[in-house]
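S.K.:
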Amino acid sequence: MSEYFVLSSFGHSLMAVLSFKVFIFLLYGVGIGFVVGLLPGLGTAATLAIMIPFTFGMEPLQAFAFLIGMLSVTATAGDLTSVLFGVPGEATSAALVMDGFKLTKNNEAGRAIGAALASSLLGAIIGAAALALAIPFVRPLVLLLGSAEFFMLTILGLSFVVSLSRGNQLKGIASALMGLMLASVGIDPQSGVARFTLGQIYLWDGVSLIGLAIGLFAIPEIIDMVRHSAAPKPERIDSFAGVVQGVRDTFRNRWLTIRCSLIGVVVGVIPGLGGSVAQWISYAHVSHSMPHLKLGTGVIEGVIGPGAANNSKEGGNLLPLIMFGLPSTVSMAILLSAFTIHGLAPGPNMLTKHIDITTSFVWMMVISNVICVAICFVLIRPIVGISYIRVSLLVPLVILLVMLGTYAEKNFEFDFIVLVLFGLMGLVMTAYDWPRPPFILGFVLGGIAENNLFLSISRYGSDWISQPGVLIIGGITLVILFLPTFRRLMHRKRFAAEAIEMAEMAGDAPLHSPRSDFIVALGWLAVAGWMVVSAQSWDLRASLYPTVIGLPLVVFLTALVVLSVVRVIRTPESTSEQLRRFVAEHCTGAALGALGWVIAAPVMIHLLGFMIGGAMLTLACLLISGRERIVAAVAISAAVFAFFYCLQHYGGLPLPRGTLLTYIGV
Amino acid sequence: MSWRSARRILEAFCVAALGLSGTEALAQDVASFYSGNTVKIVVGGSPGATPDTFSRMIAPYLSKNLPGNPNVIVENKPGAGSVLASNLVYRVEPRDGTVANLFIEANLMLQGLGLGKNFEFDAAKFNWLGSGLTNTVACAWRRDKGVNDLNALLASADPGVIGSIGAGSSGHTVTKFMVDVLGGHMRIVEGYTGNARLVLAAESGEIDGYCAPFTSFLSGGRYLIEGESSILRLIGLFGAGRPAHPLAEGLPMIQDAAVTDEQKQIAELLGKSLALSASIWVSPEVPEERVLALRDAFAAALANPELIAEAARHDLIITPSSAENTSRIAHDLLNPPDAVKPQLTPLFE
Numbered sequence: 008m009s010e011y012f013v014l015s016s017f018g019h020s021l022m023a024v025l026s027f028k029v030f031i032f033l034l035y036g037v038g039i040g041f042v043v044g045l046l047p048g049l050g051t052a053a054t055l056a057i058m059i060p061f062t063f064g065m066e067p068l069q070a071f072a073f074l075i076g077m078l079s080v081t082a083t084a085g086d087l088t089s090v091l092f093g094v095p096g097e098a099t100s101a102a103l104v105m106d107g108f109k110l111t112k113n114n115e116a117g118r119a120i121g122a123a124l125a126s127s128l129l130g131a132i133i134g135a136a137a138l139a140l141a142i143p144f145v146r147p148l149v150l151l152l153g154s155a156e157f158f159m160l161t162i163l164g165l166s167f168v169v170s171l172s173r174g175n176q177l178k179g180i181a182s183a184l185m186g187l188m189l190a191s192v193g194i195d196p197q198s199g200v201a202r203f204t205l206g207q208i209y210l211w212d213g214v215s216l217i218g219l220a221i222g223l224f225a226i227p228e229i230i231d232m233v234r235h236s237a238a239p240k241p242e243r244i245d246s247f248a249g250v251v252q253g254v255r256d257t258f259r260n261r262w263l264t265i266r267c268s269l270i271g272v273v274v275g276v277i278p279g280l281g282g283s284v285a286q287w288i289s290y291a292h293v294s295h296s297m298p299h300l301k302l303g304t305g306v307i308e309g310v311i312g313p314g315a316a317n318n319s320k321e322g323g324n325l326l327p328l329i330m331f332g333l334p335s336t337v338s339m340a341i342l343l344s345a346f347t348i349h350g351l352a353p354g355p356n357m358l359t360k361h362i363d364i365t366t367s368f369v370w371m372m373v374i375s376n377v378i379c380v381a382i383c384f385v386l387i388r389p390i391v392g393i394s395y396i397r398v399s400l401l402v403p404l405v406i407l408l409v410m411l412g413t414y415a416e417k418n419f420e421f422d423f424i425v426l427v428l429f430g431l432m433g434l435v436m437t438a439y440d441w442p443r444p445p446f447i448l449g450f451v452l453g454g455i456a457e458n459n460l461f462l463s464i465s466r467y468g469s470d471w472i473s474q475p476g477v478l479i480i481g482g483i484t485l486v487i488l489f490l491p492t493f494r495r496l497m498h499r500k501r502f503a504a505e506a507i508e509m510a511e512m513a514g515d516a517p518l519h520s521p522r523s524d525f526i527v528a529l530g531w532l533a534v535a536g537w538m539v540v541s542a543q544s545w546d547l548r549a550s551l552y553p554t555v556i557g558l559p560l561v562v563f564l565t566a567l568v569v570l571s572v573v574r575v576i577r578t579p580e581s582t583s584e585q586l587r588r589f590v591a592e593h594c595t596g597a598a599l600g601a602l603g604w605v606i607a608a609p610v611m612i613h614l615l616g617f618m619i620g621g622a623m624l625t626l627a628c629l630l631i632s633g634r635e636r637i638v639a640a641v642a643i644s645a646a647v648f649a650f651f652y653c654l655q656h657y658g659g660l661p662l663p664r665g666t667l668l669t670y671i672g673v
Numbered sequence: 005m006s007w008r009s010a011r012r013i014l015e016a017f018c019v020a021a022l023g024l025s026g027t028e029a030l031a032q033d034v035a036s037f038y039s040g041n042t043v044k045i046v047v048g049g050s051p052g053a054t055p056d057t058f059s060r061m062i063a064p065y066l067s068k069n070l071p072g073n074p075n076v077i078v079e080n081k082p083g084a085g086s087v088l089a090s091n092l093v094y095r096v097e098p099r100d101g102t103v104a105n106l107f108i109e110a111n112l113m114l115q116g117l118g119l120g121k122n123f124e125f126d127a128a129k130f131n132w133l134g135s136g137l138t139n140t141v142a143c144a145w146r147r148d149k150g151v152n153d154l155n156a157l158l159a160s161a162d163p164g165v166i167g168s169i170g171a172g173s174s175g176h177t178v179t180k181f182m183v184d185v186l187g188g189h190m191r192i193v194e195g196y197t198g199n200a201r202l203v204l205a206a207e208s209g210e211i212d213g214y215c216a217p218f219t220s221f222l223s224g225g226r227y228l229i230e231g232e233s234s235i236l237r238l239i240g241l242f243g244a245g246r247p248a249h250p251l252a253e254g255l256p257m258i259q260d261a262a263v264t265d266e267q268k269q270i271a272e273l274l275g276k277s278l279a280l281s282a283s284i285w286v287s288p289e290v291p292e293e294r295v296l297a298l299r300d301a302f303a304a305a306l307a308n309p310e311l312i313a314e315a316a317r318h319d320l321i322i323t324p325s326s327a328e329n330t331s332r333i334a335h336d337l338l339n340p341p342d343a344v345k346p347q348l349t350p351l352f353e
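Protein sequences appear in the order of chains A and B. For what it's worth, the numbering used here labels the leading residue of the first sequence as 8, then goes sequentially. For what it's worth, the numbering used here labels the leading residue of the second sequence as 5, then goes sequentially.
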């Protein structure tokens, strides 16, 4: 394939994409994708599936413009929801909650949004460029990857856990191991044994990722938002000035943006890793490469890194889809069906006979993201203005969005239980400084790691370890693990100064009660111990993974228990003083009230459905906790009812009717 | 009392007052029941998979052909190999004819063999509407392995490694049939997370072949079996019939390799199971007139040339099976002969 041929194809395809009859469909797709990404609950995959039949009458370029336009902007829009509300609009946007929402709470929403938009756009461009440049030679590279190499890549991904645990290595590693352990819940595909399902068929396919992610990240943010709503806020910064600052921050950190974009592309290219991994690996890379930053406290780099990776991964995802027909995500699987409908077959033909269509994908990704960012900039003041809405008004709406997002993944109300349980867990983790990113990274990668490990052993026996790809990736992993230590040894003085600075910063942070650390660690040790003991009654294939993960987890948790006992002995503060401090800090009336509404929401939705249950929850929350005027409360509740009514009757979303309403025959 | 309930009472009164015949009255009832209502097809799989695609394709045609023209939507409830969805429709969802379930054929065999863990439904009591597709499984082998056809594959003492998704997938069932029933010596490596991973594993040489639904070879992985640079050769098909596609021409049917009566019985049962891909049922408690209306609408939808053309664009071939035929086949699968159960059971574990 000559270079001239490819270059001229890019020129032809750009003209084709910009032609009116294709561009108009790109615009439709961007519009729909923006709304879908913004609202948790309107799943990208389900929307794509609904939209596929609409493409039947279209020409192939029109159809792909529509679908790729939709797909390309959902990540950007999802980032906005994470930043503005602390609720991931998509599961792949959860990492932006860590620092993006913190910035919003500090009245820097404009800056966070500016950084999210700029990094998303740059990420999309780099992802598209990677798609364009890698097309000729990605096939032989991917063909080098077998099950053994996939396993080592997940180990490489898990090595970033160390970076994500900076400042609290023991808790970080324990957190990651807990996530890995949680990934073993479900029917073991190798042996058919139901592991840790508690007799519940709902858990056969494991714990719901979206329920876990939203619970772990969004619930604590909602409670925290309520807890601090009465505190004096920093002076409000002009929206547009903030946005410009965020854009400048992105360009100031341009090399970070480029590196994280490339991480997104690489993760997207590797089949089977899924959409959620890119954001966490890039977040870990930010921590790894900038150890002086206190990620999770509202640093702009914590927005830039995942924002870039989130968009660039779409370009990476398209590569195995085009070259092999290999979808990395459910959305890509649906896009694959579009290939079939329009008479295309993924594979080498996409580089020869259909090169114009392949190169048009590149332009579609770039142009759709430019349009999306332009729309956001035009609407920036109202978008940023959302962050200044009274917390009391936002709380019920955010809670309902959380419920909708959780339900819509699988349409099972059981996922509400997952949401609340992991919401409570997220509260405990944030209160007692247990890092959450290693936990979710372990959870996401754990299943992939186990599956590929067993495939490798089944296929190659013990010889899998000596495969060249395994040795190379293993070497890279060791370098990543030990490079920071090596650098510290080589530059002792500089790191000593940084260590003192970090210690001083840590000294300003409130000390966690050692008694609480003891209780939390002991609780998790009990759960881990039960899991390890339960696993011993299964056959080797089912028990190996939970045992291999569970034993080190028990060791780390035991160490934490012992350390906390030592601190208890040394700490002069009495139990009652610590309890008083904890209650004063965490258990304010407003916070407990918000938690109560979070728990009440699934109950009301179960009984009365989203329409009536959601409206009644809104009304009650606004009147009781928000002390809003009755007219405003009724108006907002009516709007909530109308929203869910439209979603169900015009959007085709099958929302639950409500068991009480079904019982009385309404 | 809702407006719909009041309207129904008024209509019933009018029917009685005007002396309409019983049949007409029932038809009026069905039409008035479905008018303004929503019918839901619950699919136990994710968006984009074949059951979901089929359900979304047929939904508007069902709406057109049902009396009262209700809105027909698809609801995805993935989990536990579609068992969760079937449990919910059987036990929890309304049983008034507004909820249907697209059933996964493998679960019929699982129930018949007593392997149905956590099944809260009894498929013997389903009101089947019919079936829309048949599943034909194709098996492919690498050209560079010196195995040129099915006989060579089955006869070879060490033909190589065959990949598989695992219990529950039709490809795995056919793989196990070839190894456990027909005596093939392929080494099975199972646990691949989907057909796409099998494609990659086959192309990279990690496995030497695999079995998967024929339609999956036509989408992702088509370049592997077609054209000058193809590295895989299709060596056989297993199913209720040969797909009308050039790539299927001349391929032997794997079930024809069965020699003994037992092998033939097992092959016949598996073939019947694959014949019921995309079968839809409603609760046994749905009133008979609504069941009949749903069956008629389903049959009419499957006969619609526009649907057939639309399915063809997805490389799906509409192969209608009536409600009676579907019930008959389901009965056979739910009651396999005792003599073959010991050999049949490992194919589904």
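Cβ coordinates follow ideal geometry from the N, Cα and C atoms, glycine included.
Along chain D, which residues have their Cβ under 8 angstroms away from the Cβ of Arg466/A?
M.R.: The structure shown contains no chain D; its protein chains are A and B.
S.K.: For chain B, is any of its Cβ atoms less than 7 angstroms away from the one on Gln69/A?
M.R.: Chain B contact via Cβ: absent.
S.K.: Classify Glu321/A as helix, strand or coil using the three-state DSSP reduction.
M.R.: Reduced to three states, the DSSP call for Glu321/A is helix.
S.K.: Among all the DSSP beta bridges, which residues are the ones paired with Lys44/B?
M.R.: According to DSSP, Lys44/B bridges with Ile77/B and Val103/B.
S.K.: Between the alpha carbons of Leu154/B and Ile258/B, how many angstroms are there, rounded?
M.R.: Each residue's alpha carbon lies about 8 angstroms from the other.
S.K.: Could you confirm whether any beta carbon from chain B is found closer than 7 angstroms to the beta carbon of Met473/A?
M.R.: With the sequence shown as reference, residue 473/A is identified as Ser, and Met is not the correct amino acid for it. Answer no: the Cβ-Cβ gap between Ser473/A and chain B never drops below 7 angstroms.
S.K.: Measure the C-alpha to C-alpha separation of Arg299/B and Lys28/A and round it to an integer number of angstroms.
M.R.: Rounded to the nearest angstrom, the two C-alpha atoms are 41 angstroms apart.
S.K.: CA-CA distance, Leu273/B and Gln347/B?
M.R.: Rounded to the nearest angstrom, the two C-alpha atoms are 12 angstroms apart.
S.K.: So that I know if they touch, is there some Cβ in chain B lying closer than 7 angstroms to that of Pro663/A?
M.R.: So no, Pro663/A is outside the interface.
S.K.: With 7 angstroms set as the bound, which would you pick, yes or no: does the beta-carbon of Gly153/A sit closer than that to a beta-carbon of chain B?
M.R.: Yes, Gly153/A counts as interfacial toward chain B.
S.K.: Note down, in chain order, every chain B residue with its Cβ under 9 angstroms from the Cβ of Leu408/A.
M.R.: Result: empty, since nearest Cβ-Cβ is about 20 angstroms, beyond 9 angstroms.
S.K.: Kindly indicate which residue of Ile556/A, Tyr552/A, Thr625/A and Ile576/A has the alpha-carbon position closest to the one of Asp195/A.
M.R.: Here the closest residue by C-alpha is Tyr552/A.
S.K.: When you compare only the Cα positions, how much space is there between His19/A and Gly453/A?
M.R.: Each residue's Cα considered, the two are about 44 angstroms apart.
S.K.: Applying a beta-carbon distance threshold of less than 8 angstroms, which residues of chain B neighbour Gly107/A?
M.R.: Here the premise fails: no neighbours, minimum Cβ distance about 28 angstroms.
S.K.: Give the range of the alpha helix (DSSP H) segment to which Glu407/B is assigned.
M.R.: The structure shown has nothing for residue 407/B, since chain B only spans 5 to 353.
S.K.: In its own chain, which residues sit with a C-beta less than 6 angstroms from the C-beta of Ser325/B, not counting the 5 before and 5 after it?
M.R.: These residues qualify, in order along the chain: Gly134 and Ser135.
S.K.: Bridge partners of Cys215/B, per DSSP?
M.R.: Its beta-bridge partners are Cys143/B.
S.K.: Determine, using beta carbons only, whether Gly48/B comes closer than 7 angstroms to chain A.
M.R.: It does not; no Cβ of chain A falls within 7 angstroms.
S.K.: Helix, strand or coil for Asp515/A? Go by DSSP, reduced to three states.
M.R.: Its pLDDT being 40, under 50, Asp515/A is placed unreliably in this model, and the coordinates cannot settle the point.
S.K.: Whole angstroms are fine: how far does the CA of Ser100/A sit from the CA of Ser173/B?
M.R.: Their Cα atoms are separated by approximately 33 angstroms.
S.K.: What distance in whole Å lies between the Cβ atoms of Val435/A and Val562/A, which are believed to be in contact at a cut-off of 8 angstroms?
M.R.: So it is not a contact: roughly 21 angstroms between Cβ atoms.
S.K.: So which residues on chain A does Ser233/B lean against when the C-beta distance must stay under 8 angstroms?
M.R.: Residues of chain A passing the Cβ test: Pro355.
S.K.: So if I threshold CB-CB distances at 8 angstroms, which residues from the segment 208-223 of chain A count as touching chain B?
M.R.: Correct list: Ile208, Tyr209, Trp211 and Asp212.
S.K.: With a cut-off of 8 angstroms on the beta carbons, I'd call Phe167/A and Asn459/A a contact; round off their distance for me.
M.R.: With a Cβ gap of about 18 angstroms, Phe167/A and Asn459/A do not count as contacting.
S.K.: For Ala307/B versus Asn69/B, is the C-beta spacing smaller than 7 angstroms?
M.R.: No.
S.K.: Using a Cβ cut-off of 7 angstroms (strictly closer), state whether Asn41/B contacts chain A.
M.R.: Taking Cβ atoms only, chain A never reaches closer than 7 angstroms to Asn41/B, which makes this a no.
S.K.: CA-CA distance, Ala2/B and Val451/A?
M.R.: It is not possible to answer for residue 2/B, since the shown part of chain B is limited to 5 through 353.
S.K.: Could you have a look at Ile239/B and say whether DSSP puts it in helix, strand or coil?
M.R.: In the structure shown, Ile239/B sits in a strand (DSSP, three-state: E or B).
S.K.: May I have the straight-line CA-CA distance separating Gly665/A from Leu490/A, to the nearest angstrom?
M.R.: If you take the alpha carbons of Gly665/A and Leu490/A, they lie about 56 angstroms apart.
S.K.: Cβ of His189/B less than 7 angstroms from any chain A Cβ?
M.R.: Judged by the 7 angstroms Cβ criterion, His189/B is not in contact with chain A.
S.K.: Rounded to the nearest angstrom, what separates Leu629/A and Ser67/B at their Cα positions?
M.R.: Going from the Cα of Leu629/A to the Cα of Ser67/B covers about 41 angstroms.
S.K.: Of all the CB atoms in chain A, is at least one closer than 7 angstroms to the CB of Ala301/B?
M.R.: So no, Ala301/B is outside the interface.
S.K.: For the segment 109-124 of chain A and the segment 284-297 of chain A, state whether three or more C-beta atom pairs, one from each stretch, are separated by less than 8 angstroms.
M.R.: Touching, no, given that fewer than three Cβ pairs across the two stretches are closer than 8 angstroms.
S.K.: How would you call Leu205/A, buried or exposed, if buried means at least 16 neighbouring beta carbons within 10 angstroms?
M.R.: That one is exposed.
S.K.: Could you compute how far the alpha carbon of Val76/B sits from the alpha carbon of Ser277/B?
M.R.: Cα to Cα, the separation comes out at about 27 angstroms.
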